[in-house]
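What follows is a set of notes on a single structure, which appears directly below.
Protein chains: 2
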Amino acid sequence: MQPIPPHLTPSRYPKRAAYDRDTINAILDEALVCTISFTLDNKPFAIPTGFVRHEDKIYIHGSVGSHFIREIEKGLPICISVTLIDAIVVAKSAFNHSVNYRSVILFGTPEKIEDVPQKIEAFRWLTEKFVPNSWDYLRPIRENEVRKTTVLAFSLDEASAKVRTGMTGDDEDKDLPVWSGIIPLETRRLAPVTEDLSEGIPLPPHLL
Amino acid sequence: MQPIPPHLTPSRYPKRAAYDRDTINAILDEALVCTISFTLDNKPFAIPTGFVRHEDKIYIHGSVGSHFIREIEKGLPICISVTLIDAIVVAKSAFNHSVNYRSVILFGTPEKIEDVPQKIEAFRWLTEKFVPNSWDYLRPIRENEVRKTTVLAFSLDEASAKVRTGMTGDDEDKDLPVWSGIIPLETRRLAPVTEDLSEGIPLPPHLL
Chain A
1 MQPIPPHLTP SRYPKRAAYD RDTINAILDE ALVCTISFTL DNKPFAIPTG FVRHEDKIYI
61 HGSVGSHFIR EIEKGLPICI SVTLIDAIVV AKSAFNHSVN YRSVILFGTP EKIEDVPQKI
121 EAFRWLTEKF VPNSWDYLRP IRENEVRKTT VLAFSLDEAS AKVRTGMTGD DEDKDLPVWS
181 GIIPLETRRL APVTEDLSEG IPLPPHLL
Chain B
209 MQPIPPHLTP SRYPKRAAYD RDTINAILDE ALVCTISFTL DNKPFAIPTG FVRHEDKIYI
269 HGSVGSHFIR EIEKGLPICI SVTLIDAIVV AKSAFNHSVN YRSVILFGTP EKIEDVPQKI
329 EAFRWLTEKF VPNSWDYLRP IRENEVRKTT VLAFSLDEAS AKVRTGMTGD DEDKDLPVWS
389 GIIPLETRRL APVTEDLSEG IPLPPHLL
């Protein structure tokens, strides 16, 4: 394993850090949205956007007219942050409260994908992350739609994860008759809601 | 209403932007975690952290030993991003897929809260955001815990929201026999799980 560069080493709870690709990939594949941070005129900006991981890269897309996309595609250094919250950790004191979370931070510069078949592949990965197995069912993508959309890729080379799991570790207060434990949080997909335009069209098998 | 500064005006879908405090507050009060972005040595950083809004400010806290807290408390310009995802918008084409979301972006510089009673108030707001009505039940906070924790406040003066709701607006493909609509997403709290240290201690009323 390569040495971990200092900007990937957390100053707090370094034991929570993880650099193995399986841990990082699992977080990236579950989260739908990341936050892209960059600096313009010495001012920090942070923009949420959908993304997909494929092999060793993260892909985002946006309109060719998007200010944010046009700025970062010049090759600005970026930091991408992804966070999943799994539970509220309720201790016997306010001080020891915490959150169980899984997060990834990634540093890099964007690589603009210009090759049309490769762009279309990225659209398929993105679409099927949000709606698995749906690509072949949809109206096929058009050349002008590909042209109107920028795709940027970011290498996972400088990615790291940070994970907290488990209970409070509230040992100093263990004899107090105050309840402690966790409140798990769950994000789930509810039943699809048909819009008026699609009244009478059956749900496709991949959405049942 | 004051004129909207250019960095708060989205380049895409300006109709989705909202600047009224009620819209902004509702998003900030529902989200548990924000992403704090800042620039160090021309490199962008993005760190997720819990936060609470109280009146016209956002409050975050962290260990006095945290590298990130020690850097930004010097008065670095920051950008805070908060995102809630409400639904996946499934169109008849991949191109028109979208996400219903509510997001807030805020620019500012941190104000360090030094006053001890004011710091304790901020801890109470933070704690009761995550676990409502729990403060008086917990082991009281200690002076050294207050001393070991930095509290930073950020004004909402330069905050803006961006919201997408509704269906696809898939008019160009409306005659295609392809299903479209939304898949709502829901994040919920599950039943509290008691840890070993608290075996036999009844759940307090605010957690029932």
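Protein chains in written order, with the working numbering: chain A, 1 to 208; chain B, 209 to 416.
Glycine included, each C-beta is placed from N, C-alpha and C at the ideal position.
Please report the Cβ distance between A/A91 and A/D170, rounded to the nearest whole angstrom; I am assuming they are in contact, meaning their Cβ atoms lie under 8 Å. 5 Å
Is the Cβ of A/G181 closer than 8 Å to any Cβ of chain B? yes
Between A/G75 and chain B, is there a C-beta pair that is closer than 8 Å? no
Applying a beta-carbon distance threshold of less than 9 Å, which residues of chain A neighbour B/V386? Y137, L138, R139, S198, I201, P204
List, from N- to C-terminal side, the beta strand (DSSP E) runs of 3 residues or more that fit wholly inside the segment 171–206 of chain A. 181–189
Taking A/V64 as the reference, which of A/P117, A/N100, A/T149, A/F51 has the closest Cα? With respect to the C-alpha of A/V64, the residue from A/P117, A/N100, A/T149, A/F51 having the closest C-alpha is A/T149.
Beta carbon of B/P385, beta carbon of A/I88: below 8 Å? no
Below 8 Å, how does it come out for the segment 222–232 of chain B and the segment 156–166 of chain A: are there three or more Cβ pairs, yes or no? no
Meets three-Cβ-pair contact criterion under 8 Å: the segment 54–62 of chain A and the segment 135–152 of chain A: yes
A/K162, enclosing beta strand (DSSP E) - first and last residue: Run containing A/K162: 159–164, per the beta strand (DSSP E) assignment.
Can you list, in chain order, the residues of its chain with a C-beta nearer than 7 Å to that of B/L240? Leave out the 5 residues immediately preceding and following it. G258, F338
Is the Cβ of A/H54 closer than 8 Å to any Cβ of chain B? no
Proximal residues to A/K43 (C-beta, below 7 Å), its chain only, five neighbours per side dropped: none
Where A/F51 falls: helix, strand or coil (DSSP): coil
Tell me B/N308's beta-bridge partners as DSSP assigns them. B/A295
Assumed close pair B/F276, B/I293 - CB separation to whole angstroms, cut-off 8 Å: For B/F276 against B/I293, the beta-carbon gap comes to about 25 Å, at or over 8 Å, which does not count as contact.
Quick check on this structure: which residue in A/A161, A/L190, A/E186 has the alpha carbon closest to the alpha carbon of A/Y13? A/A161
Could you check where the alpha helix (DSSP H) with A/F95 kicks off and where it finishes? That residue, A/F95, is in no alpha helix (DSSP H); it is neither H nor E in DSSP.
Would you identify the three-state DSSP class for B/P252, choosing helix, strand or coil? strand
Chain-order list of residues whose beta-carbon lies under 6 Å from that of A/G166 (same chain, five-residue window excluded): none
A/E114: buried (16+ other C-beta within 10 angstroms of its C-beta) or exposed? exposed
Inter-residue spacing [alpha-carbon to alpha-carbon] between B/A302 and A/L138: 7 Å
Bridge partners of B/S342, per DSSP? Its beta-bridge partners do not exist; DSSP assigns none.
Once you ignore the five residues that flank B/V324 on each side, which residues in its own chain have a CB closer than 7 Å to its CB? V354
Where the alpha helix (DSSP H) containing A/E71 begins and where it ends: 67–72
Give me the Cα-Cα distance between B/E417 and B/L411, rounded to the nearest whole angstrom. Nothing can be reported for residue 417 of chain B, as the shown portion of chain B is limited to 209 through 416.
Write down the C-beta distance between A/I78 and A/T109 rounded to the nearest angstrom, noting that I regard them as a contact closer than 8 Å. 7 Å
Determine, using beta carbons only, whether B/F204 comes closer than 8 Å to chain A. Chain B is shown only over 209 to 416; residue 204 of chain B falls outside these bounds and no answer can be derived.
Chain B beta carbons: is any one of them nearer than 8 Å to that of A/L185? yes
Helix, strand or coil for B/E319 per DSSP? Of the three classes helix, strand and coil, the one that applies to B/E319 here is strand, per DSSP.
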